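I have placed the structure first, in the form of structure tokens, so that the comments after it can refer back to it.
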């Protein structure tokens, strides 16, 4: 049984219409940018949490107790027998006055971390923009090379036909025909290389904008779902075996 391999083709239908559209999509959908934006959100929450340590804290408490009393006959205790119940409720207000500067230092540290996280977002955007621009430039160059090579192939084919006709009337030699055929073969090889570059560049654009995924490519493969492993181990408190039995 011999397998077959499908010929790769450019992903023109999945690509944005122009470079500006590609950059706009990448700035919204690229995983690297989304990850750094989530880090900014996490850093902002850390700042709020640290600032919360400087605020007053109010706590409340309540309780109910019950006691049973019974006097032993003949004892000197003259208290009344029965059950006694009591309830209490209270509130405590804690106001931070002095912490040795530790809390303030933590707040400042978290704010610096937040600033760094915001810078990382800009760095990620610049990196993604550069990758998109590079991939798009290579794609356009490959397109132009393919078009140019088609013209070269057509010219080489026409030249070969002319050399063959001239040989038939004795004006060219067989060596001239072989040289013309070699020129045509070289042009076709260059065309195949350019078409390969075009396919690679189209995939590079999808990768650069964050759309190189199983869903976008409609691949007939099983998609990895990390949440399945999470659900398999979230309630596993002991044992050495993995969910697949290893």
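Numbering (this note's numbering), first residue to last: 13 to 258.
All C-beta atoms in this analysis are idealised placements derived from N, C-alpha and C, irrespective of residue type, glycine included.
In this text, all values refer to a predicted model and were calculated from it rather than measured experimentally.
Cut-off 6 angstroms between Cβ atoms - residues of its own chain near residue i, not counting five sequence neighbours on either side
i, result
"residue 143", "220"
"residue 132", "48"
"residue 175", "184, 188, 189, 192"
"residue 43", "222"
"residue 161", "202, 203, 206"
Counted within 10 angstroms of its Cβ, other Cβ atoms place residue i as buried (16 or more) or exposed
i, result
"residue 183", "exposed"
"residue 236", "exposed"
"residue 13", "Bear in mind that a pLDDT of 46 at residue 13, under 50, signals an unreliable position, so the model cannot answer this."
"residue 151", "buried"
"residue 218", "buried"
"residue 114", "exposed"
"residue 140", "buried"
"residue 170", "exposed"
"residue 21", "exposed"
"residue 109", "exposed"
"residue 23", "buried"
"residue 230", "exposed"
"residue 101", "exposed"
"residue 136", "buried"
For residue i, the first and last residue of its enclosing alpha helix (DSSP H)
i, result
"residue 246", "Per DSSP, residue 246 belongs to no alpha helix (DSSP H) and is neither H nor E."
"residue 65", "No alpha helix (DSSP H) contains residue 65, which DSSP labels as neither H nor E."
"residue 225", "Note, residue 225: premise wrong, no alpha helix (DSSP H); not H, not E."
"residue 31", "31-41"
Option nearest residue i by Cα separation, candidates the options
i, options, result
"residue 60", "210, 173, 123", "123"
"residue 97", "76, 199, 126, 207", "76"
"residue 116", "129, 78, 153, 65", "65"
"residue 203", "108, 163, 130, 179", "163"
"residue 95", "42, 231, 80, 154", "80"
"residue 277", "232, 28, 55", "The first residue shown for the chain is 13 and the last is 258, placing residue 277 beyond what the model contains."
"residue 146", "168, 32, 57, 242", "32"
"residue 228", "128, 181, 215", "215"
"residue 51", "230, 199, 126", "126"
"residue 168", "159, 200, 177", "200"
Neighbourhood of residue i by C-beta distance below 7 angstroms, restricted to the same chain and skipping five residues each side
i, result
"residue 106", "68, 69"
"residue 172", "192, 193, 196"
"residue 155", "210"
"residue 34", "28, 144, 148, 217, 221"
"residue 130", "52"
"residue 234", "none"
"residue 138", "none"
"residue 180", "none"
C-beta neighbour in chain D for residue i, strict 8 angstroms
i, result
"residue 45", "Among the chains of the structure shown, chain D does not appear; only one protein chain is present."
Chain-order list of residues whose beta-carbon lies under 8 angstroms from that of residue i (same chain, five-residue window excluded)
i, result
"residue 104", "70, 71, 72, 73"
"residue 224", "215, 218"
beta-carbon residue i near the ligand COA non-hydrogen atom, thresh 7 angstroms
i, result
"residue 170", "As presented, the structure is devoid of all ligands, the ligand COA included, so that no description of it is given."
- [ ] Note down, one range per segment and in chain order, each beta strand (DSSP E) of at least 3 residues found wholly within the region 87-145.
- [x] 94-106
Open item on the list: Suppose only complete runs of 4+ residues qualify. What are the alpha helix (DSSP H) ranges in the region 166-230, listed by chain order?
Closed with: 186-221, 226-229
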